[in-house]
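Asks: For the sequence shown, the positions run 1 to 265 when full-length UniProt numbering is used. Heads up, the beta-carbon is just placed ideally off N, CA and C, and yes, glycines get one too. If you scroll down you'll find the structure; I have some questions about it.
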Amino acid sequence: MDPWGSVPKGLSGFFAGFQIAVFAFVGIELVGTTAAETRNPQKVLPRAINAIPLRIIMFYVCSLLVIMAVTPWNEVVPSRSPFVEMFVLIGLPAAAGIINFVVLTSAASSANSGIFSTSRMLYGLAGQGVAHKRFSRLSARAVPVNGLLFSCFCLLAGIALIYLIPNVMTVFTLVTTVSAILFMFVWSIILCSYLVYRKKHPELHAASVFKMPAGKLMSWVGLLFFAFVLVLLSLQPDTRQALMVTPIWFILLAIGWKFRQRKSS
Numbered sequence: 001m002d003p004w005g006s007v008p009k010g011l012s013g014f015f016a017g018f019q020i021a022v023f024a025f026v027g028i029e030l031v032g033t034t035a036a037e038t039r040n041p042q043k044v045l046p047r048a049i050n051a052i053p054l055r056i057i058m059f060y061v062c063s064l065l066v067i068m069a070v071t072p073w074n075e076v077v078p079s080r081s082p083f084v085e086m087f088v089l090i091g092l093p094a095a096a097g098i099i100n101f102v103v104l105t106s107a108a109s110s111a112n113s114g115i116f117s118t119s120r121m122l123y124g125l126a127g128q129g130v131a132h133k134r135f136s137r138l139s140a141r142a143v144p145v146n147g148l149l150f151s152c153f154c155l156l157a158g159i160a161l162i163y164l165i166p167n168v169m170t171v172f173t174l175v176t177t178v179s180a181i182l183f184m185f186v187w188s189i190i191l192c193s194y195l196v197y198r199k200k201h202p203e204l205h206a207a208s209v210f211k212m213p214a215g216k217l218m219s220w221v222g223l224l225f226f227a228f229v230l231v232l233l234s235l236q237p238d239t240r241q242a243l244m245v246t247p248i249w250f251i252l253l254a255i256g257w258k259f260r261q262r263k264s265s
């Protein structure tokens, strides 16, 4: 096979990359979550949404094009950063430390965004009486402290997985696949909520200053795409394991919901 081919493994290899591609979009819903924290969402939200495609092209597409332009696919080492290998190839080994720092900073930023959104979500659910009332507690600086601590505690599950499963790549695949599935569920709920909103409140949509182009059609396209990705995840052995584990989370949520309902009644 051509080492410089764009799809050297055929369509099966192309579709196998959908799992990590979907995971890369985890957190994109934060645009809507943080809009409630801004003073002028009518102005800030459109600007943030329109900037997303440009940033994806710049930081994902262009970076991958550069890597594939200088490194044959059959020489990429999975255990090493392709960015570090690229700088070593062009004679800048010192850049490896800088790239590793950037990667760690990006990971910390992503975790910080997840903690922010999760703590705010727990605070909102507590205000509606769905979550425990302790999550509605705010600090002197209006920070949902209990939700924040609970979110940080849940991150420790990743450390436990590393001890239980020695293979780091297996843990990475498991975590990213489960996260992608759960977030596709969240995105599906958002799309369904949008469709219900369009049906029940057409006057509010008509008054909106920033409408989604072809909103109904693209919502159905998104739902079909998520279903297609789930089928793809069932075809690969490593992602199939994560797909089989994911229902445990929904079972735990159902048990917690039943317990909460029984306690409130």
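Using 8 angstroms as the cut-off, can you tell me whether the stretch 169-177 makes contact with the stretch 233-247, which would need three or more C-beta pairs spanning the two stretches below that distance?
Replies: Verdict: yes, contact present.
Asks: Assign Asn146 to one of two classes, buried (16 or more other C-beta atoms within 10 Å of its C-beta) or exposed (fewer than that).
Replies: Classification for Asn146: buried.
Asks: Counting Cβ pairs, one atom from each stretch, are 3 or more of them under 8 angstroms apart for the stretch 178-186 and the stretch 5-24?
Replies: Judged by Cβ distances under 8 angstroms, the stretch 178-186 makes contact with the stretch 5-24, as three or more pairs qualify.
Asks: Can you grab the Cα-Cα spacing for the pair Pro72 / Ser234, in whole Å?
Replies: Taking the straight line from one Cα to the other gives about 29 angstroms.
Asks: If you draw a straight line from the C-alpha of Ala157 to the C-alpha of Thr246, how long is it?
Replies: Rounded to whole angstroms, Ala157 to Thr246 spans 15 angstroms at the Cα level.
Asks: Check each candidate in Ser136, Ser264, Ala111 and name the one with the smallest Cα separation from Arg120.
Replies: That would be Ser136, whose Cα lies nearest to the Cα of Arg120.
Asks: In this structure, does DSSP put Leu252 in helix, strand or coil?
Replies: The answer is helix: DSSP assigns Leu252 an H, G or I state.
Asks: Quick check on this structure: which residue in Pro46, Pro8, Val26 has the alpha carbon closest to the alpha carbon of Thr177?
Replies: Comparing Cα positions, the closest option is Val26.
Asks: So what's Asn40 in DSSP terms, helix, strand or just coil?
Replies: Looking at Asn40 - three-state DSSP - the assignment turns out to be coil, as it is neither helix nor strand.
Asks: For Tyr163, report the span of its alpha helix (DSSP H) as first-last.
Replies: 157-164 is the span of the alpha helix (DSSP H), which, as asked, contains Tyr163.
Asks: Quick one: is Ala254 buried, meaning 16 or more other Cβ sit within 10 Å of its Cβ, or exposed?
Replies: Flag for Ala254 reads exposed.
Asks: For the putative contact between Trp187 and Glu29, defined by C-beta atoms under 8 angstroms, what is the C-beta separation to the nearest angstrom?
Replies: Their Cβ separation, rounded to whole angstroms, is 7 angstroms, which keeps Trp187 and Glu29 in contact under 8 angstroms.
Asks: Can the beta-carbon of Leu148 be found less than 8 angstroms from the beta-carbon of Ile98?
Replies: Their beta carbons are not under 8 angstroms apart, which means Leu148 does not touch Ile98 by this criterion.
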